[in-house]
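Mapping to the UniProt record's numbering: the sequence shown position 193 is 193, numbers consecutive. Positions of the beta carbon are idealized from the N, C-alpha and C atoms, including for glycine. Below you'll find the structure, written out as structure tokens, and then a few comments.
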Amino acid sequence: MNNKQQNILIIGAGLCGSLLALRLGQRGFNVSVYEKRPDLRKTNLSAGRSINLAFSDRGNKAMKLVGLEEKVKALCIPMHGRMIHDKNGDTFQSNYSGRKHEYINSVSRNDLNALLLNEAENHENVNFYFNKKCKSVDFQNTTALFQDYDTEKDFVEDADVIIAADGAGSVLRKSYYLDKGFLFSFSQDYLTHGYKELSILPNENGDYLAQKNALHIWPRKNFMLIALPNLDGSFTVTLFLSYDEGNYNFSSLKTEEKVVAFFKEEFPDALLIMPNLASEFFKNPTSPLGTIKCSPWHYKGNTLLMGDAAHAIVPFYGQGMNAAFEDVVVLDAILNKNLEHWEATFKTYQKNRKIDTDAIADLAIDNFHEMKEHVIAPIFQEKRKLEMLLEKKFPTQYHSKYAMVTFNENLDYHVAMIRGRAQDRAIFNLLSSGEIAINHKTTNEDLEKFLEKIKHDTNQ
Ligand code: FAD
């Protein structure tokens, strides 16, 4: 399997597929990538889905692996914390960490994808084919059937290995599922909420109309609005709302008047800077949010699922893309072991990786409730203040769950989940029982005692 002359076929030139192509190209494999959409560097693909994304340390580790850290940094806008907006338009910022160097970044999906495509294409052993939609995969024979949108003709491609990075609606995953002889487990859980993208435009000078270096949240318990900055001075705004439950939902917001009235009541400060709200609301799609888990990810040494195709998650931890990038780092480390054949490689990959992608899927659901609801609860705010103080005072000793997931790129997601949840439970218990409390009189000595208590209760 070390034979670098092998032909690897990747389905999907999205974030995962193009990074994978780049890395396998750097390793010397012959890589062909088939993408159903036109080349995003040449066409204006009006997104409709997550125009920008939160990029953090796990994703950055992958960029370091392929030598792109600095180029990606140039595309990033640091976001140091959550800027929380209440119904009166008052705001407060809750930072992501007490350590200054720990923050997340807003990055354009298109710009990042284009960079990865350009870098991968620089390798003569990597080739991209756009407008080629995969229709099915014969995973026993390692062939894939494509429809060429340019010629309207179907064609079959043969490869030594096929890796599907074709996102949440993966065709390879469907082919596994439809094969009655293959024991394939699959679950898909939708939230009752969907999402819609809107925008805040810059002012006439191109300046930001809200604080640039923050992830803005308007938490309203049963729904929320968020906004991430773009390099051109605009913000991409996303409304997360139930399809049909509650006073306000996507099914009942049928007229421009209703939409504006909803924003006036719930997000008045946002409404003031969203002149295109009414038209965008009806122009842009409402899309579902779901979690996909499945197993196995591979068929022998023939085919493998990666990225969202293997483990689509809801977006509330800002980790779907970061996890898809981390997939490439994990696979790369296994390739370094020079295992006998692809089957052993894929088996080891899934054994190492699935426990972590299952964990981030569950954490992302937890964060849905945290962002729309808990962030406004006084006990939650007290906990975040305490965590901020502990991280400042004991930067090497204390890491919140958020920091473990987002900034500790060498800590497996499942370890971050187990430790983080136990720590959260301990802190909530200590705060609600009054055993620890913070106020303007809290001293460094108090903080030391609190840290010991939290450590003690976490490990019980
Ligand atoms: P995709 O990005 O879906 O790429 C799949 C590619 O395959 C696409 O180019 C597609 O056109 C192509 N394709 C699909 N079917 C076929 C076919 N049949 N034949 C050929 N090609 C095909 N993640 C974060 O880390 N941070 C965030 O802040 C964040 N925010 C998000 C917000 C929203 C609203 C959503 C929906 C997701 C968010 N994510 C975020 C998750 C992130 O978008 C995904 O995890 C990431 O895009 C996964 O990359 P991927 O390459 O596996 O799949």
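Apart from sequence neighbours up to five positions away, the residues of its chain that approach Pro395 with a beta-carbon distance below 8 Å are Gly98 and Arg99, ordered along the chain. Straight through space, the alpha carbons of Gly12 and Gly246 are spaced by roughly 38 Å. Using a Cβ distance threshold of 8 Å, Asn95 and His80 count as a contacting pair. Between the alpha carbons of Leu331 and Gln188 lies a gap of roughly 24 Å. Taking the C-beta atoms as reference points, Asn105 is found no nearer than 8 Å to Ala159. Contact check for Leu228 and Gly194: beta-carbon distance about 18 Å, past the 8 Å limit, so the pair fails to qualify. Within the same chain, Cβ atoms closer than 7 Å to the Cβ of Asp39 are found at Phe130, the five residues on either side in sequence being excluded. Residue side-chain check: Ile217 keeps its Cβ at 7 Å or more from all non-hydrogen atoms of the ligand FAD. In this structure Ile379 is exposed. Its beta-carbon is surrounded by fewer than 16 other beta-carbon atoms within 10 angstroms. In this model, Lys258 and Ser252 are separated by some 8 Å (Cα to Cα). Here the alpha carbon of Ile427 sits roughly 25 Å from the alpha carbon of Leu215. For the 8 Å CB-CB criterion, Phe128 and Val33 form a contact. Tyr176 and Thr348 have their C-alpha atoms some 19 Å from each other. Taking the Cβ of Arg37 as the reference point, at least one heavy atom of the ligand FAD falls within a distance shorter than 7 Å. For secondary structure counted as the alpha helix (DSSP H) over 4 or more consecutive residues, the stretch 228 to 302 holds these complete runs in sequence order: 256 to 266, 268 to 272 and 277 to 283. Here Ala214 is bridged, per DSSP, to Gly81. Within the chosen limit of 7 Å, the ligand FAD reaches the beta carbon of Tyr195 through at least one heavy atom. Around the Cβ of Ala309, a 10 Å sphere holds 16 or more other Cβ atoms; the residue is buried.
By the Cβ-count criterion, Ser400 is buried, with 16 or more other Cβ atoms from all chains shown falling within 10 Å of its own Cβ. Relative to the ligand FAD, the nearest heavy atom lies less than 7 Å away from the CB of Met321.
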